[in-house]
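One structure is given below, encoded as structure tokens.
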Amino acid sequence: MNWPRIRFLTIIASCFLALCSAAVASDPLPDAKNLAARGLSLVWRDSLEKHVGEVPTAEVLYGPFGEFSNWHRRNSEATGDHRIVARAPDGRAAIQYNVARGNVPHDETLSQHWTPGIQHAGVAVDVWIPADFVFAYECSETSWQPHPGVGRWPIGLWVGSNTYTGNMGGGVSLGEQRGVSIRLNRGSGGDRAGQGASFGAYIYYLNRAQPQCEKDGVLCSYNCPQPDNPRERCFGAGMSKKSGYTPRGRWVPVELEVKMNEPGKHNGCVAFWVDGALVDEGCGMDFGADRGWLIRGIYTYQMWHCDGSPRKQAWWLSNIRLYAPQPAPDKGAGKAR
């Protein structure tokens, strides 16, 4: 055998593989093409790669935008941290969410008081759901059963005043709720034929003290407006409720866009994309611009109802990006790295 030739070819092959590996490692994370097509530019990307092994903070996720709250945790029976910056299956740095029986996480991290607020923004993330991930919840005392419509993740935008200090969700006093939470829903009932989690837009109106939201005892919230319930049409004509399914076993890009209404007009818009495809888009909404409300923050979260997961498992979220019209808000702070 020609050993010198074999040795030479082996060295060449090793160098080629090393170059390929280096190219993959240095390959930039993908951009949100749909948000870019809407006239929005990347102004911030998370710094997860620098914090592997740590519990992520809002500063790691959102950088210089506004005042930050750290992770908000509720309803958790977990021992230790159930989210940490780790390596996803493909080696990318990501937030790893660990869930298990008895672990009922309700985590939110928020970029609060984004000042000055802006009228048009987008947020994007990549989500990895393992092929064998089980969306099931114990909603009875006797068995694990799928429960449609529960759980909310992974991203959202907050609309409100610059004095908001309350909770992002329900369950707090009425006087603390001021603004609109626009986020994506995930329903376990949409886990059909291994297609993954279903997504739907979730517009949560957090100003229950307003008279129009208390007519006949009906609170103005939960997927508002609802065409089948005129008493909850607090945004006027708005989005229909649609769902898209996330593939499993790979990164799936998710993008959310919000455009504020003009004061006194119902012309606010929301759109979101899953895996590059437009799932739903709706306009004709009043997000409260006449109250001085603007887009003030971005956040990530996971929320599970009932009693957590039927087994120990994890999913990953990465590549958190903020998009806004250029020049970037806050006098150019937070440029994309």
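Going left to right, the sequence shown walks through residues -25 to -1, 1 to 312 as mature numbering (1 follows the signal peptide of the UniProt record, and there is no 0) numbers them. For each residue, glycine too, the CB sits at the ideal point set by N, CA and C.
For residue i, three-class secondary structure by DSSP
i: Gly55; result: Annotation note: pLDDT 46 at Gly55 (below 50); position unreliable, coordinate value reported separately. Coil, per DSSP.
i: Arg62; result: strand
i: His26; result: helix
i: Val109; result: coil
i: Arg271; result: strand
i: Ala11; result: helix
i: Asp250; result: coil
i: Asp6; result: coil
Supposed contact pair residue j and residue i - C-beta distance, whole angstroms, cut 8 Å
i: Ile70; j: Ser293; result: 7 Å
i: Val98; j: Arg296; result: 7 Å
i: Asn73; j: Trp248; result: Incorrect: roughly 28 Å between the Cβ atoms, too far for contact.
i: Glu29; j: Val60; result: 5 Å
i: Arg286; j: Ala75; result: 7 Å
i: Val229; j: Ala96; result: With a Cβ gap of about 15 Å, Val229 and Ala96 do not count as contacting.
i: Val102; j: Val227; result: 5 Å
Bridge-paired residues (DSSP) for residue i
i: Asp101; result: Pro228 and Ser293
i: Met235; result: Beta-bridge pairing links Met235 to no other residue.
i: Leu17; result: Tyr298
i: Asn73; result: Ala289
i: Cys244; result: Lys234
i: Asp255; result: Phe247
i: Ala264; result: Paired residue(s): none; Ala264 is not in a bridge.
Distance between residue j and residue i (C-alpha atoms, nearest Å)
i: Tyr37; j: Ala11; result: 19 Å
i: Phe108; j: Arg20; result: 27 Å
i: Arg49; j: Leu253; result: Note that Arg49 has pLDDT 39, beneath the 50 cutoff, so the model's placement of it is unreliable and the number below is only indicative. Approximately 32 Å between the Cα atoms of the pair.
i: Tyr298; j: Gly135; result: 18 Å
i: Trp268; j: Pro5; result: 31 Å
i: Lys25; j: Pro300; result: 27 Å
i: Gln94; j: Val245; result: 12 Å
i: Ile130; j: Gly239; result: 28 Å
i: Thr32; j: Leu23; result: 10 Å
i: Arg57; j: Asp265; result: Sequence inspection shows His at residue 57; the Arg mentioned does not correspond to that position. Approximately 40 Å, taken between the alpha carbons.
i: Trp291; j: Val27; result: 13 Å
i: Leu15; j: Leu132; result: 15 Å
i: Glu237; j: Gly243; result: 7 Å
i: Thr275; j: Val100; result: 9 Å
i: Asp250; j: Pro222; result: 8 Å
i: Ala231; j: Asp255; result: For clarity, residue 231 is Leu in the given sequence; the question names Ala instead. Rounded to the nearest angstrom, the two C-alpha atoms are 10 Å apart.
Does the pairing of the segment 258 to 274 with the segment 58 to 69 give three or more beta-carbon distances under 8 Å?
With a cut-off of 8 Å, the segment 58 to 69 and the segment 258 to 274 do not count as touching, because too few Cβ pairs lie within range.
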